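**Q**
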Amino acid sequence: MQELINFGLETAKNYGAAYADIRLIRFKTQSISVKNGKVEEILDSENYGFGVRSLANNSWGFASSFVTSKKEIQKMAALSCDIAKASASLKNKDVILSPVEAIKERYETPILIDPFAISLEEKLSILYEAEEILRKKSDVKISQSSMNFILKDQIFASTEGAWIEQKITISGAGIEATAIGEGDMQIRSYPNSHGGQFATAGYEFIDTLGLKDNAQRVAEEAVALLKAKECPSKTTTLILDGSQLALQIHESIGHPTELDRVLGTEVSLAGTSFLTPDKLNHLKIGSDMVNITADATIPQGLGTFGYDDEGVPAQKVNIVKDGIFVGYINSRETAAETGQSPNGAMRADGWNRIPLIRMTNINLLPGEPSFEELIADTKDGIYLETNKSWSIDDKRLNFQFGTEIGWEIKNGKIKRMLKNPNYTGITPEFWNSCDAIAGEDTWVVWGTPNCGKGEPMQVIQTGHGASPARFRGIQVGVGR
Amino acid sequence: MMTRKEIEEIMKKTLELSTADQTEVLLINQKSALTRFANNQIHQNVSEKNARLSIRVIKDKKTGTASTNILSKKSVEGALKKALEIADNASPDPDFKSLPKNKELKEMDLFSKNTANYLPIDRAKNVAVIISRANRDKLTAAGAFSTGALTIGIANSLGVLKVATLTEADVNTIFMSQNSSGYADYYAKDVKEIDFHKLVNSAAEKALKSVDPIAIQPGRYTVILEPAAVADMLMYLAFCGFGALAYQEERSFMSEKLGQKITGENITIWDDGTSSDTLGLPFDFEGVPKQKVILIEDGVAKNIVYDSYTAHKEDKKSTGHALPAPNVYGPQPSNLFLKNGGYSTKEMVSSTKKGILVTRFHYTNIEDPLKTMLTGMTRDGTFLIEDGEIACGVKNLRFTQNILEALSNVEMVSEKTELKQAFFGFCRTPALKISKFNFTGATEF
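Quick mapping for you: the protein sequence lines, in order, are chains A and B.
To get the working numbering, take the position in the first sequence, counting from 1, and add 1232.
To get the working numbering, take the position in the second sequence, counting from 1, and add 263.
1) Which chain A residues sit within Cβ distance under 9 Å of Gln307/B?
2) In chain A, what lies closer than 9 Å to Gln304/B by C-beta?
3) Quick one: measure Cβ to Cβ for Ala466/B and Gly482/B, integer angstroms, because I've assumed they're closer than 8 Å.
4) Between which residues of its own chain and Ser571/B is the CB-CB distance below 6 Å, once the five residues before and five after are set aside?
5) Less than 8 Å between the C-beta atoms of Met1591/A and Ala1526/A, yes or no?
6) When you measure from the CB of Asp372/B to every non-hydrogen atom of the ligand GDP, does any distance come out below 7 Å?
7) Are Asp400/B and Asn442/B touching if we call contact CB-CB under 8 Å?
8) Would you mind reading off the limits of the beta strand (DSSP E) that contains Ser330/B?
9) Let me make sure I understand the geometry here. Which of Glu630/B, Ala492/B and Phe702/B has the alpha-carbon closest to that of Glu1636/A?
10) Just the C-alpha distance for Asn1246/A and Gly1240/A, rounded to the nearest angstrom, thanks.
11) To the nearest angstrom, how far is the alpha carbon of Lys345/B from that of Val288/B?
12) Assuming Thr326/B and Phe516/B make a contact with CB atoms under 8 Å, what is their CB distance in whole Å?
13) So with Cβ pairs under 8 Å, would you call Phe1298/A a contact of chain E?
14) Using 8 Å as the threshold, is the C-beta distance between Asp1473/A and Pro1700/A below it?
15) Out of Met640/B, Ile417/B, Asn665/B and Asp650/B, which has the shortest C-alpha to C-alpha gap to Asn659/B?
16) Per the DSSP calculation, Pro1545/A is bridged to which residue(s)?
17) Determine which residues of the segment 550-566 of chain B have a Cβ less than 8 Å from any Cβ of chain A, and write them out in chain order.
18) When Cβ atoms are compared, which residues of the segment 337-350 of chain B fall closer than 9 Å to chain A?
19) Which same chain residues, not among the five before or five after Ile1274/A, have their C-beta less than 6 Å away from its C-beta?
20) Just verifying my parser: in three-state terms, what is the DSSP assignment at Tyr450/B?
21) Taking Cβ positions only, does Asp1540/A come closer than 8 Å to chain B?
22) Are the CB atoms of Ile349/B and Ala379/B nearer to each other than 8 Å?
23) Spatial neighbours of Lys1461/A within its chain, please: C-beta separation below 8 Å, excluding the five flanking residues on both sides.
24) Between which two residues does the beta strand (DSSP E) harbouring Arg319/B extend?
25) Is there contact between the segment 410-428 of chain B and the segment 279-295 of chain B, where contact requires at least three CB pairs shorter than 8 Å?
26) Below 6 Å CB to CB, which residues in the same chain sit around Asp284/B once its five sequence neighbours on both sides are set aside?
27) If you measure between the beta carbons of Ser1475/A and Arg1628/A, is that distance less than 8 Å?
28) When DSSP builds the beta bridges, which residues end up paired with Arg661/B?
29) Closer than 8 Å between beta carbons: that is the criterion. Which residues of the segment 507-534 of chain B meet it against chain A?
30) Within the continuous beta strand (DSSP E) that includes Lys439/B, where are the two ends?
31) How would you write the range of the alpha helix (DSSP H) that Trp1663/A sits in, first residue to last?
32) Applying a beta-carbon distance threshold of less than 8 Å, which residues of chain A neighbour Met636/B?
33) What alpha helix (DSSP H) runs, 4 residues minimum, are completely inside the segment 1594-1677 of chain A?
34) Is Ala391/B helix, strand or coil by DSSP?
35) Determine, using beta carbons only, whether Val591/B comes closer than 8 Å to chain A.
36) With a Cβ-Cβ cutoff of 8 Å, do Arg1255/A and Gln1386/A count as a contact?
The following block contains the structure:
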């Protein structure tokens, strides 16, 4: 394989590439889901191919193929240079890459149990067991449990001499109960919505999730929501659980700190960012207690890896320090353009896509109080759990989120259940209203397995460390 | 690209090797390229050759599916073996009756040599037209221009053997000033159909007309939604309940509503993948010929779309709306149409005393699928209409709106329709004038 890849890199150089890299990747995935007592889906899939990214005439070109022969790699290397030259016909500035060390390394997700070595029978027995408990409540009309596993085996090599082999393993699982009745439909899920909780980990991670132990509560809450009071429309104190806060961080902090968005190169799909360069080290984006990092080194974080897809080592960088916006996530190109150092955030979702600036694990660092103390310290407000819907404008300012469930908080105690809760706000106002963040004992790195970006669309896995937090003066019950 | 013969041979050999009761093979081969531009230059420029072989087997009503993009004999045999192993471990599904049998297809012309043979330099030349116009107007252009060809083959052990090759050319662009933007897009089988000058006129005009937008208070307004905004609403509506799986599970807004009036009488929605007015396919991902299905007629809920599994459950016939197996979404409409009316957009604006014209929505999401409650933002050309004229640009607004309610408040429907991309295919819609559309928030730009 080394010979083939080196041949591809040499070909790119011969066709005029001043720089080229090749990623050759083998993916193996398994999706298993059980629904209403039957297997809904079992899909085993493999995917193999390579992509050549070339910088010729100071512009980018990329060509990829599923045929991994010497002839094809030669063809794609040449095509990537032709494409780069076509790009150069319409450029107003040269691409300059920030220098990096040419690393020769191997990284593997530390795992105890290979999820692909576990039998389907064993996986299905766990899923059936949890799903059956959901089904025991008669108003639960749809009961689901699922597991997903990904193995990404990659070689990254560049004309600068980098050779990095990486093997990333991802495991995840979840349950979901849908109660239908009285003209209404309510969903509860565990540990999180959108398929559950995910981590860079082996099959041992599944055992830690406690799907079966939480199934009865999930089913009962789904049914109880049918008769619960509608979330009122008002401005109030809001406490978000860690999983909803994770998506809040993702959408309102993570995306706007992507330097490609800031520099306008993602405008055609996702948009730009309110975090323009003049705001760096100046904007008070959150209250003093808001500290946010981008950290690709957290054990089991879904955005954890050894090296990004430009060969830059995984690292931890500050994004928000004591409420001040202090850092972007970047690429070699955007780092050079803005006088920064590359911080290892370039990832592609496959061999057939170019790397883009993607969130790693974007984390709100924990505070002091326990969750119980947070509630006890709140006279009047609403507590919301588990994301249901999400929407945010194309500069990442105006957002609106819906959650599966809410509760009234009165005089420091959780009271009535509320259904169909949603809340809205403007990003800096929202984060500046944060006056309490729960401590380390409730801090979890939540996995977001489905972050979309780019054209053609790429879907990548990110992580978000969060514990419950409190926000003052937030509008809830929008559109009632 | 693989030839039709190569694709048929792989599918036939896979079927021959299978020991299952029934077997289905889906083989997709694609060659595509995309040029992306921003800040008035090309910054990303990519091409891809890929394939996907997916094998679905059924043994004693137990289903297994495996897929690979490695098409060697060994790999195909490995995928088949894996699918059979999965079926052995799966539970029997009493609701599974059979894979579909073969049916004759309507012939469709889906291929354009112009698009299939388009080169990187050809794409660059047309992107130059876009950028040159942006430079002329001192605007910044961004967007994407893609061309590609796709062959879809589907075969099963009951005699289905269908292969179709199609081409598609898509372009979208945003023109921006310091504080405004305008959007335009176009989708075609033949890349030569795209009028780049017309496209840039539309995007530039919107960006220039919406300079220095004013802030307005959220509230209920009369809106004129241009086709891109209507298509966005329609594709989410379809996802909320035009498919038989959602209907059968009682999570569709159509559940128990068939035969009842659910929108205004001026609303008729159908799906037709075989129409020449869309970018369709003659068959679905089970090889079943696509049928035209009336979903809402004159405001009355009429039908939903089926694949073979959901059709068998109701003793009906598939309407040709299967997605690739395994499919947790169930059957879905892939080529939606909303019936046009008799008005021009100009007449819709001139008849409006006070309202808002919306070019498109951004980041729409479903808050409540049964109530068809959506939220999202306006983007790239939002205008205030006063006394029958476009007065100025307005800062973007957030809507939180029940879509069936909006479709009950349609006052005017445009004569002209446009083709837009949707979740599982395309959507051809007119512009709509809707009263009492609920804007619940505003942003800063």
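Where is the CB? At the ideal position from N, CA and C, for every residue including glycine.
Given the structure is predicted, the values throughout are model-derived calculations rather than measurements.
**A** With the given structure in hand:
1) Chain-order list of chain A residues neighbouring Gln307/B: Trp1292, Phe1294, Ser1319, Thr1497, Ile1586, Leu1588, Gly1686 and Glu1687, by C-beta distance under 9 Å.
2) Residues of chain A passing the Cβ test: Ser1291, Ser1319, Leu1322, Lys1323, Asn1324 and Lys1325.
3) Incorrect: roughly 29 Å between the Cβ atoms, too far for contact.
4) Only residues of its own chain outside the window of five on either side were considered, and among them Pro363, Glu549 and Ser581 have a CB closer than 6 Å to the CB of Ser571/B, listed in chain order.
5) In this structure, Ala1526/A lies closer than 8 Å to Met1591/A by Cβ.
6) Among the components of this structure there are no ligands whatsoever, and the ligand GDP is therefore not found.
7) Not closer than 8 Å, so no.
8) Start and end: Lys325 to Thr331.
9) Of the listed residues, the one whose Cα sits closest to Glu1636/A is Glu630/B.
10) For Asn1246/A and Gly1240/A, the gap between their C-alpha atoms comes out near 10 Å.
11) About 14 Å.
12) About 29 Å; that fails the 8 Å criterion.
13) You won't find chain E in this structure, because its protein chains are A and B.
14) Remark: C-beta atoms of Asp1473/A and Pro1700/A approach each other more closely than 8 Å.
15) The shortest C-alpha separation from Asn659/B is found at Met640/B.
16) DSSP, once it has assigned bridges, lists Tyr1539/A as partnering Pro1545/A.
17) Hits within the stretch: zero.
18) Considering only beta carbons, the part of the segment 337-350 of chain B lying closer than 9 Å to chain A consists of Ser338, Gly341, Ala342, Lys345, Ala346, Glu348, Ile349 and Ala350, in chain order.
19) Shown here for Ile1274/A: same chain residues with a beta carbon closer than 6 Å to its own, the five before and five after excluded, namely Ile1264 in chain order.
20) DSSP, read as helix, strand or coil, puts Tyr450/B in strand.
21) Taking Cβ atoms only, chain B never reaches closer than 8 Å to Asp1540/A, which makes this a no.
22) The criterion of a C-beta distance shorter than 8 Å is not satisfied by Ile349/B and Ala379/B.
23) Excluding sequence neighbours, Lys1461/A sits near Arg1648, Met1649, Leu1650 and Lys1651.
24) Here the beta strand (DSSP E) through Arg319/B covers Gln304 to Lys322.
25) By the criterion of at least three beta-carbon pairs nearer than 8 Å, the segment 410-428 of chain B is in contact with the segment 279-295 of chain B.
26) Taken in chain order, the residues that qualify are Ile321 and Lys322.
27) With respect to the 8 Å criterion, Ser1475/A and Arg1628/A are not classified as neighbours on the basis of their beta carbons.
28) Answer is Met640/B and Gly704/B, bridged to Arg661/B.
29) Of all residues in the segment 507-534 of chain B, only Glu512, Glu513 and Arg514 come within less than 8 Å of chain A when Cβ atoms are compared, listed by chain position.
30) This sequence places Met at residue 439/B; Lys is not what is there. Here the beta strand (DSSP E) through Met439/B covers Leu424 to Met439.
31) That run of the alpha helix (DSSP H) goes Thr1659 to Asn1664.
32) Listed along chain A, the residues sitting closer than 8 Å to Met636/B by beta-carbon distance are Gly1711.
33) Within the segment 1594-1677 of chain A, the complete alpha helix (DSSP H) runs of at least 4 residues are 1603-1608 and 1659-1664.
34) It is helical.
35) Taking a beta-carbon distance threshold of 8 Å, Val591/B counts as an interface residue toward chain A.
36) Cβ atoms of Arg1255/A and Gln1386/A: closer than 8 Å.
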